[in-house]
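So the sequences go chain by chain: V and P. Numbering follows the numbering used here, with no gaps: position 102 of the first sequence is 341. Numbering follows the numbering used here, with no gaps: position 160 of the second sequence is 147.
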Amino acid sequence: MPSDEELMLAVGKGDLNAFGEIVFRHQHSAWNIAYRFLGNETDAEDVAQEAFFKLLDAAEHYRPTALFRTYLHCIVTRLCLDWVAKKQPLYTSKLPEALDPGHTASEKLIFVERDLAVRKALYKLPPNQRMAIVLKYYEGIGYREIAATMEVTEKAVERLLARGRASLEEYLRNFLEK
Amino acid sequence: MHCEHVRKKLNAYMDVELSEATMEKIKIHLDNCQDCSGALTRLQSLINVLEEVSTLEVPKDFANRVLAHAYERSKGAQSMQRKHVSVYRWWSLKLFTAQTAAAAAVLVIGLAIGGVMGWDTWHNQGIQSVGKSQMEQVEPTAIYNLDYLTDAPKGSLADTYLTLASATNGWEQ
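Set out below in structure tokens:
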């Protein structure tokens, strides 16, 4: 199976099937970052889609100097930050479509309430802190990669995460174990 | 290690982003400090809440929509490129045709002017040659009615005398 970097080089030569493979591999990641950050499904789709188009446009000049995943995350992150700088996204409290059928009705209600609270709390954070939290806890990437993605130092990432977590702890204290 | 120092490093400790030596020192401190281990538990609880949030699936057909747009854009770009090339070719062709037409026009005009001038020259030469032969046969004074410049212009006394004398003596003029 070709690596992401090999696929990108093929895209650069005009291979749209290789582009399709990249989209299928990374659609969840791109959409997830955008959705967690923007809190709105429509905006998230626009941003994720735009990120793939930017990838396609840049493919001709792509050089595999860094991990492809970081490259894509960097594009999505920039688009998200630009998006909130230009317009305030409309936060929508969309519920998950299917909750685990193994839970009781009251448990489901608690989960729904907690999900909404987390999304609202995330949405209250300043954009940089929110993005660092999203990349760390929803993409599971380390400080070094977050720093490369957000184009800041690792120390800055540590500070952003610490401040973000302190605020979230305050916003979500009702849901935390005592 | 003091509590203040540990609290500063607690986030990085939980994310396992510290050196092994620092991780070990903090672990020893946490084992002996209830306040700091409580802070770590709260932090861990927060992370659990964040990570347990249900994930929304990527919208159905998201990838297909992206690919459809990509193909459209690709086709659009190709057609733009083709259009650009065809416009360039059309323009080149036009330019070539205009240049050729201009050259042909200059040639035709040149030939026409040359022809007219040549014909005119040839024609004038003809007239001149005809005039020359006529001049050789006829006296200039007769052609241009300059006979009054002769010795005995018509109607003059000399002419009358000569007419009478020739009639009397049988002379011919």
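Heads up, the beta-carbon is just placed ideally off N, CA and C, and yes, glycines get one too.
Spatially closest choice to residue i from the options, by CA coordinates
{"i": "LYS326 (chain V)", "options": "V:ALA249, V:ASP282 and V:LEU306", "result": "V:ASP282"}
{"i": "ALA401 (chain V)", "options": "P:MET1, P:CYS(-10) and P:MET(-12)", "result": "P:MET1"}
{"i": "LEU295 (chain V)", "options": "V:ALA249, V:LEU320 and V:PHE276", "result": "V:ALA249"}
{"i": "GLU4 (chain P)", "options": "V:GLU390, V:LYS347, V:LYS375 and V:ARG412", "result": "V:LYS375"}
{"i": "TYR377 (chain V)", "options": "V:GLU390, V:PHE276, V:ALA290 and V:PHE350", "result": "V:PHE276"}
{"i": "LEU415 (chain V)", "options": "P:GLU11, P:LEU27 and P:ALA88", "result": "P:LEU27"}
{"i": "ILE314 (chain V)", "options": "V:PHE291, V:VAL262 and V:ARG358", "result": "V:PHE291"}
{"i": "ILE34 (chain P)", "options": "V:THR392, V:VAL357 and V:MET370", "result": "V:VAL357"}
{"i": "HIS312 (chain V)", "options": "V:HIS300, V:GLU393 and V:ALA269", "result": "V:ALA269"}
{"i": "TYR382 (chain V)", "options": "V:VAL396, V:PHE350, V:MET370 and V:GLU390", "result": "V:VAL396"}
{"i": "MET370 (chain V)", "options": "V:MET389, V:GLU299 and V:ALA324", "result": "V:MET389"}
{"i": "ARG60 (chain P)", "options": "V:LYS293, V:LEU320, V:TYR301 and V:THR304", "result": "V:LYS293"}
{"i": "ALA297 (chain V)", "options": "V:LEU355, V:MET247 and V:ALA386", "result": "V:MET247"}
{"i": "GLU(-11) (chain P)", "options": "P:SER153, P:ASP146, P:ALA152 and P:ASP22", "result": "It should be noted that the sequence gives His, not Glu, for residue -11 (chain P). Out of P:SER153, P:ASP146, P:ALA152 and P:ASP22, P:ASP22 has the C-alpha closest to the C-alpha of HIS(-11) (chain P)."}
{"i": "ALA305 (chain V)", "options": "V:GLU245, V:ARG353 and V:VAL262", "result": "V:GLU245"}
{"i": "TYR58 (chain P)", "options": "V:ARG264, V:ASP321, V:GLU384 and V:GLY253", "result": "V:GLY253"}
{"i": "VAL262 (chain V)", "options": "V:PHE350, V:GLU393, V:GLN288 and V:CYS319", "result": "V:GLN288"}
{"i": "LYS(-5) (chain P)", "options": "V:LYS394, V:ASN413, V:ARG412 and V:LEU411", "result": "V:LYS394"}
{"i": "THR316 (chain V)", "options": "V:MET240, V:LEU348 and V:ILE385", "result": "V:ILE385"}
{"i": "GLU379 (chain V)", "options": "V:LEU355, V:ARG398, V:ASN271 and V:GLU346", "result": "According to the sequence shown, residue 379 (chain V) is Gly rather than Glu. Of the listed residues, the one whose Cα sits closest to GLY379 (chain V) is V:ASN271."}
{"i": "ASN413 (chain V)", "options": "P:SER32, P:VAL93, P:GLU7 and P:HIS(-8)", "result": "P:SER32"}
{"i": "LEU267 (chain V)", "options": "P:GLU11, P:ASP48 and P:MET104", "result": "Note that residue 267 (chain V) is His in the sequence shown here, rather than Leu. Checked all of P:GLU11, P:ASP48 and P:MET104; the closest Cα to HIS267 (chain V) is P:ASP48."}
{"i": "THR309 (chain V)", "options": "V:ALA324, V:LYS359, V:LEU399 and V:HIS265", "result": "V:HIS265"}
Any C-beta of chain A under 8 Å from that of residue i
{"i": "ILE34 (chain P)", "result": "Absent here is chain A; the protein component of the structure consists of chains V and P."}
Any non-hydrogen atom of the ligand ADP closer than 7 Å to residue i Cβ
{"i": "GLY105 (chain P)", "result": "In the structure on display, the ligand ADP does not appear, and there are no ligands present to speak of."}
> For the 8 Å Cβ check, are there 3 or more pairs between the segment 353 to 369 of chain V and the segment 395 to 409 of chain V?
Replying inline: Touching, yes, given that three or more Cβ pairs across the two stretches are closer than 8 Å.
> Contact between the segment 44 to 61 of chain P and the segment 252 to 261 of chain V: three or more CB pairs below 8 Å?
Replying inline: yes
>> Taking beta-carbon pairs under 9 Å, can you tell me which members of the segment 28 to 41 of chain P lie near chain V?
In response: THR28, ARG29, LEU30, GLN31, SER32, LEU33, ILE34, ASN35, VAL36, LEU37, GLU38, GLU39, VAL40 and SER41
> What are the residues of the segment 43 to 68 of chain P that lie near chain V, defined by any Cβ-Cβ distance shorter than 8 Å?
Replying inline: LEU43, GLU44, VAL45, PRO46, PHE49, ALA50, ARG52, VAL53, LEU54, HIS56, ALA57, TYR58, ARG60 and SER61
> Just checking, does the segment 28 to 42 of chain P make contact with the segment 3 to 19 of chain P on the three C-beta pairs under 8 Å criterion?
Replying inline: no
> Taking Cβ-Cβ distances below 9 Å as the criterion, which residues of the segment 290 to 312 of chain V are in contact with chain P?
Replying inline: PHE291, PHE292, LEU295 and ASP296
>> Beta carbons nearer than 8 Å to chain V: which residues of the segment -4 to 24 of chain P have them?
In response: ASN(-2), ALA(-1), ASP2 and GLU4
> Along the segment 266 to 279 of chain V, what residues have a CB closer than 8 Å to any CB found in chain P?
Replying inline: GLN266, HIS267, TRP270, ASN271 and TYR274
> Can you list, in chain order, the residues of the segment 398 to 411 of chain V whose Cβ is nearer than 7 Å to any Cβ on chain P?
Replying inline: Result list: LEU400, ALA401, ARG404, LEU407, GLU408 and LEU411.
>> If we require 4 or more residues per run, which alpha helix (DSSP H) segments fall completely within the segment 251 to 282 of chain V?
In response: 255 to 277
> In chain order, which beta strand (DSSP E) runs of at least 3 residues are fully inside the segment 290 to 322 of chain V?
Replying inline: none
> Unbroken alpha helix (DSSP H) runs of length 4 or more, entirely within the segment 333 to 383 of chain V: which are they?
Replying inline: Runs of the alpha helix (DSSP H) inside the segment 333 to 383 of chain V: 344 to 363 and 366 to 376.
> For the segment 343 to 355 of chain V, which residues have a CB atom closer than 8 Å to at least one CB atom of chain P, in sequence order?
Replying inline: PHE350, ARG353 and ASP354
> Any residues in the segment 241 to 260 of chain V with a beta carbon nearer than 7 Å to a beta carbon of chain P? Which ones, in chain order?
Replying inline: LEU255, PHE258 and GLY259
> What residues in the segment 313 to 326 of chain V have a beta carbon less than 9 Å from any beta carbon of chain P?
Replying inline: Result list empty, no residue passes.
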